[in-house]
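Residue numbering for the sequence shown follows this note's numbering, beginning at 9 and increasing consecutively. C-beta: ideal position from N, C-alpha, C; glycine also.
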Amino acid sequence: ENVDENLRRVAAAFDRPPEDLFAAYQVHGREVTVVDGYTPKRPKCDVLLTATNERMLMLRYADCTPVLLADAGGRAVAAVHAGWRGSAVRAAAAAAEALQEALDCRPSELVAAVGPAIGPCCYTVGADVEEAFADRPWLFNEGKLDLWSANRDALIETGIPPSQIEVSEICTQCESDRFFSHRANGGQPAGRFAALIGLV
Numbered sequence: 009e010n011v012d013e014n015l016r017r018v019a020a021a022f023d024r025p026p027e028d029l030f031a032a033y034q035v036h037g038r039e040v041t042v043v044d045g046y047t048p049k050r051p052k053c054d055v056l057l058t059a060t061n062e063r064m065l066m067l068r069y070a071d072c073t074p075v076l077l078a079d080a081g082g083r084a085v086a087a088v089h090a091g092w093r094g095s096a097v098r099a100a101a102a103a104a105e106a107l108q109e110a111l112d113c114r115p116s117e118l119v120a121a122v123g124p125a126i127g128p129c130c131y132t133v134g135a136d137v138e139e140a141f142a143d144r145p146w147l148f149n150e151g152k153l154d155l156w157s158a159n160r161d162a163l164i165e166t167g168i169p170p171s172q173i174e175v176s177e178i179c180t181q182c183e184s185d186r187f188f189s190h191r192a193n194g195g196q197p198a199g200r201f202a203a204l205i206g207l208v
């Protein structure tokens, strides 16, 4: 009930009905769904992109990394959910590449934001996670993973200029009074905050 009311309020802030909010069934991968006015709701993916103003893209997080991208010319936008698995398989890069291939956006014209996520100050991980990033050992410091840099680097690899990528550097575990955090909640189920992006 509270979630529905929050969604209604979010949609109203953009002068939209709640039905315009388009979410995915997040699966911790790099699958991409191109969204238009006819795309069935809740596709299994972690990357949404659209070139229509009929939908607002919305994904949910509680320590995983939100990555939002937009074409500077206002032609298309994308939203990414990147936990450690999504970051390992470069989900953010999948979004940038799909914007280029499916919607003909140039890397030099893309801007991106890496939002609040568990930071390298707090994100202690195990050997399985380190193995998933074996090609990028510089992302670790004393067993802690830097998801912010992992996603920023993935975007740069696609040709987006570093100056066009903003990283919030807000740690959700450190600031669990403002953001939901799975780790701060002792690994127990936590709420989720949402990141939204759309065309006007």
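Going by other Cβ atoms of all chains shown within 10 Å of its Cβ, with 16 needed for buried, is Phe187 buried or exposed?
-> Buried.
What number of angstroms, rounded off, separates the C-alpha of Glu139 from the C-alpha of Thr60?
-> Near 39 Å, if we compare the C-alpha coordinates of Thr60 and Glu139.
Cβ-based neighbour list, Ile168, same chain, cut-off 7 Å, excluding 5 preceding and 5 following | Excluding residues within five positions, the ones whose Cβ falls inside 7 Å are Ala104, Pro115, Leu118 and Ala120.
Using alpha carbons as the reference points, say which of Ser95, Thr47 and Gln181 lies closest to Leu147.
-> For Leu147, the closest alpha carbon among the candidates Ser95, Thr47 and Gln181 is that of Ser95.
Pair within 8 Å by beta-carbon distance, Leu163 and Val85 | In this structure, Leu163 lies away from Val85, with their beta-carbon atoms at least 8 Å apart.
Classify Pro74 as buried or exposed, calling it buried when 16 or more other Cβ atoms lie within 10 Å of its own Cβ.
-> It counts as buried.
Residue environment, Asp54, which counts as buried when at least 16 other CB atoms sit within 10 Å | By the neighbour-count definition (other C-beta atoms within 10 Å, threshold 16), Asp54 is a buried residue.
At what residues does the alpha helix (DSSP H) containing Arg93 begin and finish?
-> Counting along the chain, the alpha helix (DSSP H) containing Arg93 begins and ends at Trp92 to Ala96.
First through last residue of the alpha helix (DSSP H) which encompasses Glu138 | For Glu138, the enclosing alpha helix (DSSP H) has its first and last residue at Ala135 to Ala140.
What number of angstroms, rounded off, separates the C-alpha of Cys113 from the C-alpha of Asp79?
-> Whole-angstrom Cα-Cα distance: 7 Å.
Give me the Cβ distance between Trp92 and Val122, rounded to the nearest whole Å; I'm assuming they're in contact under 8 Å.
-> Beta-carbon to beta-carbon, Trp92 and Val122 are separated by about 14 Å, too far to satisfy the 8 Å threshold.
Where Gly82 falls, given that 16 or more other Cβ within 10 Å makes a residue buried = By the 10 Å Cβ count, Gly82 comes out exposed.
Can you tell me the Cβ-Cβ gap for Leu65 and Leu56, rounded? I've got them flagged as a contact below 8 Å.
-> A Cβ-Cβ distance of about 4 Å is found for the pair Leu65 and Leu56, placing them in contact under the 8 Å criterion.
Just tell me which of Asp71, Phe22, Leu29 and His190 has its CA closest to the CA of Gly127.
-> Closest option to Gly127, Cα to Cα, is Asp71.
With Glu174 as the anchor, note down where its alpha helix (DSSP H) starts and where it stops.
-> Bounds of any alpha helix (DSSP H) do not take in Glu174; it lies within the beta strand (DSSP E) bounded by Ile173 to Val175.
Mind checking Gln108: buried by the 16 CB within 10 Å criterion, or exposed?
-> Around the beta carbon of Gln108, 16 or more other beta carbons lie within 10 angstroms, which makes this residue buried.
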